[in-house]
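S.K.: One structure is given below, represented as structure tokens, and several questions about it will come after.
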Amino acid sequence: MEPCSPSQRENPAVSRLGLDLAVLATLLAVLGLGALAYGLRARSTVAWVGALLLATSALFVGQAVRLGRLPPQNPVPATPQSVRTGQRLYQQHCQVCHGPEGRGDGPAAATLRPRPADLRRTARFPDSLLFLRITEGLPGTAMPAFRDTLTEEERWHVVNYLRRLTE
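Numbered according to this note's numbering, the sequence shown spans residues 2 to 168.
Structure, rendered in structure tokens:
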């Protein structure tokens, strides 16, 4: 897979999401520094809140950077073969939690907190964000990372299949 060209990087949805994450990270960092400085002087638990805000801001910065490195659109064409491959991979790895139609109602869903996402609602997300979620999983949920399980191309095939679920 070739890296994306500068014109591909100018996808408004990805640019906007990256900008939103950067603004949020900056806001959290400023609040965190203020709380940390105040908390250290007052020797209160506010210092812990400040440290937590700073750590959280680092997560958002990392997410914005990772998102910016991905092509905004799927580099694997959504051919019938790609969609079939994505469907097979989805059935093998995702269906147990997300269900056969992506509703978040698979056999394992009732035991998971939070419940698996309804993938039919992913139409508004850019391909790169779906790819990132498949690749890295979702912290705080049962959604595992598939970086070591599926190849990069296979993960893009799954994105192509998810697009068919939302049509």
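No residue lacks a Cβ here, since even glycine has one placed at the ideal position from N, Cα and C.
Predicted model, so just to flag it, every value in this text is computed and none were measured.
Is Asn75 helix, strand or coil by DSSP?
M.R.: Of the three classes helix, strand and coil, the one that applies to Asn75 here is coil, per DSSP.
S.K.: So, with DSSP's three-state summary, where would you put Thr142?
M.R.: Residue state, collapsed to three classes: coil.
S.K.: Pairs of beta-carbons, one from the stretch 130-150 and one from the stretch 76-84, closer than 8 Å: are there three or more?
M.R.: Contact between the stretch 130-150 and the stretch 76-84 is absent, because fewer than three Cβ pairs lie under 8 Å.
S.K.: In whole angstroms, give me the CA-to-CA distance for Ala109 and Val159.
M.R.: Taking the straight line joining both Cα atoms gives about 20 Å.
S.K.: Contact defined as beta carbons within less than 8 Å: I believe Pro117 pairs with His99. What is the distance between those atoms, to the nearest angstrom?
M.R.: About 5 Å; that satisfies the 8 Å criterion.
S.K.: Taking 9 Å as the CB-CB cut-off, is Trp157 touching chain B?
M.R.: In the structure shown, chain B does not exist; there is a single protein chain.
S.K.: So, helix, strand or coil for Phe132, using DSSP?
M.R.: Helix at Phe132.
S.K.: Can you look up Thr80 in the DSSP assignment and give me helix, strand or coil?
M.R.: Reduced to three states, the DSSP call for Thr80 is coil.
S.K.: Can you tell me the Cβ-Cβ gap for Val97 and Tyr162, rounded? I've got them flagged as a contact below 8 Å.
M.R.: Actually they are not in contact, since the Cβ atoms of Val97 and Tyr162 sit about 16 Å apart, beyond 8 Å.
S.K.: So, Arg148 versus Glu137, is the Cβ gap smaller than 9 Å?
M.R.: Cβ distance < 9 Å, so Arg148 and Glu137 count as in contact.
S.K.: Taking the alpha carbon of Ile135 as the point to measure from, which residue in Gln82, Tyr91 and Asp106 has its own alpha carbon closest?
M.R.: Considering only alpha carbons, the answer is Tyr91.
S.K.: Could you give the first and the last residue of the continuous alpha helix (DSSP H) run that contains Arg116?
M.R.: Note, Arg116: premise wrong, no alpha helix (DSSP H); not H, not E.
S.K.: Taking only three categories from DSSP, how would you classify Cys98?
M.R.: Residue state, collapsed to three classes: helix.
S.K.: Got a sec, what are the start and stop residues for the alpha helix (DSSP H) Arg122 sits in?
M.R.: Unbroken run through Arg122: none, as it is neither H nor E.
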